[in-house]
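Everything in the first sequence is counted per this note's numbering, starting at 64 for the first residue and increasing by one.
For each residue, glycine too, the CB sits at the ideal point set by N, CA and C.
Predicted, not measured: the structure shown is a model, and the values here were computed from it.
A quick write-up on the structure given underneath.
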Amino acid sequence: MDVITGRGTPPGAPWPRTEAEARAVQDALRARVERADRAPAPGAPGALVTGVDVAYDDDRDAVAAAAVTLDAATLEVVEQATARARVVFPYVPGLLAFREIPAAADALSRLRQRPGLLVCDGYGLAHPKRFGLASHLGVLTGVPSIGVAKSPFLYRHGPVGEERGDGAPLLDGEEEVGRALRTRAGVKPVFVSVGHAVSLPAACAHVLALAPRYRLPETTRRADTLCRAALRAAP
DNA sequence: GCGACAG
DNA sequence: ATCTTGTCGC
Numbered sequence: 064m065d066v067i068t069g070r071g072t073p074p075g076a077p078w079p080r081t082e083a084e085a086r087a088v089q090d091a092l093r094a095r096v097e098r099a100d101r102a103p104a105p106g107a108p109g110a111l112v113t114g115v116d117v118a119y120d121d122d123r124d125a126v127a128a129a130a131v132t133l134d135a136a137t138l139e140v141v142e143q144a145t146a147r148a149r150v151v152f153p154y155v156p157g158l159l160a161f162r163e164i165p166a167a168a169d170a171l172s173r174l175r176q177r178p179g180l181l182v183c184d185g186y187g188l189a190h191p192k193r194f195g196l197a198s199h200l201g202v203l204t205g206v207p208s209i210g211v212a213k214s215p216f217l218y219r220h221g222p223v224g225e226e227r228g229d230g231a232p233l234l235d236g237e238e239e240v241g242r243a244l245r246t247r248a249g250v251k252p253v254f255v256s257v258g259h260a261v262s263l264p265a266a267c268a269h270v271l272a273l274a275p276r277y278r279l280p281e282t283t284r285r286a287d288t289l290c291r292a293a294l295r296a297a298p
């Protein structure tokens with residue numbers, strides 16, 4: 064698919080190397096997040112949903128990314144791609160995108176079909192600058208995106224019902240920035256936030272449709288397994 | 001200034 | 001993210 068980042072670097076400007084440069088990029092791109100929902104309906108037959116994940120080996124300075132596209136209705140794999148690269152940015156809370164996107168965009172660019180939705184590991188609008196990894200990847204590709212995280216990051220939430228589908232607002236003070244969503248009865252919830260061109264209710268519906276059995280969406284499970292395999296594949 | 005902090 | 005075995009439970 065077409066990724067305007069080409070091999071992972073935005074056109075015109077080199078990838079940020081310092082925290083200050085990275086924060087400036089977030090400030091510049093945040094206005095490009097679309098609010099209107101143009102993602103396919105959750106579980107829509109034939110709709111394509113792509114999970115993206117990245118694995119690291121800091122000792123070998125290596126990263127591997129994977130993009131796995133599933134049919135939204137059957138959750139079967141339609142196509143998948145991987146990419147390997149060097150670590151270009153350290154992990155800094157709030158700047159995760161600058162560490163993950165170069166390799167992730169490379170893997171995405173190797174997909175033949177453009178998906179209707181991207182599912183990222185981490186957050187979108189639930190971010191200090193309201194521009195987390197999911198929003199960043201959504202804006203760069205133009206594809207609607209959501210973020211599904213495994214921990215609440217900087218945010219708080221009230222009690223979440225014990226049944227699958229129960230949820231509670233993720234709050235930054237008074238502002239709702241996402242949702243703690245139970246995908247499996249009695250299991251720790253996941254933390255969903257809007258990335259780009261998707262509403263929060265729709266994002267939650269997508270997550271539930273993508274996670275019929277396990278805590279995490281099948282998209283992220285598949286992408287996680289694949290990028291780990293790709294990392295150890297080529298020493 | 002110090003601690004917390006998606007992956 | 002990653003270092004790591006067995007074990008409890010559906």
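Take the Cβ of L196 as the centre, count every other Cβ of all protein chains shown within 10 Å, and call the residue buried at 16 or more, exposed below. Translated into the one-based positions of the first sequence, residue 196 becomes position 133. Burial state of L196 is buried, judged by a 10 Å Cβ sphere holding 16 or more other Cβ atoms.
With H, G and I counted as helix, E and B as strand and the rest as coil, what does DSSP make of S172? Walking along the first sequence from the start, residue 172 turns up at place 109. If DSSP states are grouped into helix, strand and coil, S172 belongs with the helices.
At which residues does the alpha helix (DSSP H) containing G201 begin and terminate? Counting from 1 along the first sequence, the entry for residue 201 is found at position 138. Element bounds for G201: 196 to 204.
To the nearest angstrom, how far is the alpha carbon of A269 from that of V211? Taking the first sequence and counting its residues from 1, one reaches residue 269 at position 206. Taking the first sequence and counting its residues from 1, one reaches residue 211 at position 148. Residue identity check: residue 269 is His in the sequence provided, not Ala. One C-alpha to the other measures close to 11 angstroms.
Helix, strand or coil at A129 [DSSP, three-state]: Here the question's residue 129 lines up with position 66 in the first sequence. In the three-state reduction of the DSSP assignment, A129 falls in the strand class.
Rounded to whole angstroms, what is the Cα-Cα separation between R101 and G187? Here residue 101 refers to the residue found at position 38 of the first sequence. Here residue 187 refers to the residue found at position 124 of the first sequence. Looking at the two C-alpha atoms, the distance is approximately 16 angstroms.
Assign V96 to one of three DSSP states: helix, strand, or coil. In the first sequence, residue 96 corresponds to position 33, counting from 1. Of the three classes helix, strand and coil, the one that applies to V96 here is coil, per DSSP.
Anticipated Cβ contact below 8 angstroms, V155 with E84, distance rounded: In the first sequence, residue 155 corresponds to position 92, counting from 1. In the first sequence, residue 84 corresponds to position 21, counting from 1. About 12 angstroms; that fails the 8 angstroms criterion.
Could you name the residues that DSSP lists as bridge partners for F254? Within the first sequence, residue 254 is the residue found at index 191, counting from 1. F254 is bridged to A212, A243.
Three or more C-beta pairs under 8 angstroms: does that hold for the stretch 155 to 174 against the stretch 197 to 204? Pairwise C-beta distances place the stretch 155 to 174 in contact with the stretch 197 to 204, as three or more of them are shorter than 8 angstroms.
Collapsed DSSP secondary structure at T81 in the structure displayed: What you label residue 81 is simply residue 18 of the first sequence in a count that begins at 1. Coil.
Nearest to A293 (by Cα), restricted to the options A144, A104, T113: Start at 1 with the first residue of the first sequence, and residue 293 comes out as number 230. Closest by C-alpha distance to A293, out of A144, A104, T113, is A144.
Closest residue to Q176 among A272, G185, D134 (Cα-Cα distance): To locate residue 176, count along the first sequence from 1; it is residue 113. Checked all of A272, G185, D134; the closest Cα to Q176 is D134.
8 angstroms Cβ shell around E307 - same chain, five flanking residues per side excluded: As displayed, the chain neither begins before 64 nor continues past 298, which places residue 307 out of reach and without an answer.
Kindly indicate the opening and closing residues of the alpha helix (DSSP H) around A296. Within the first sequence, the letter at position 233 stands for residue 296. Taken as a continuous stretch (DSSP letters only), the alpha helix (DSSP H) holding A296 covers 281 to 296.
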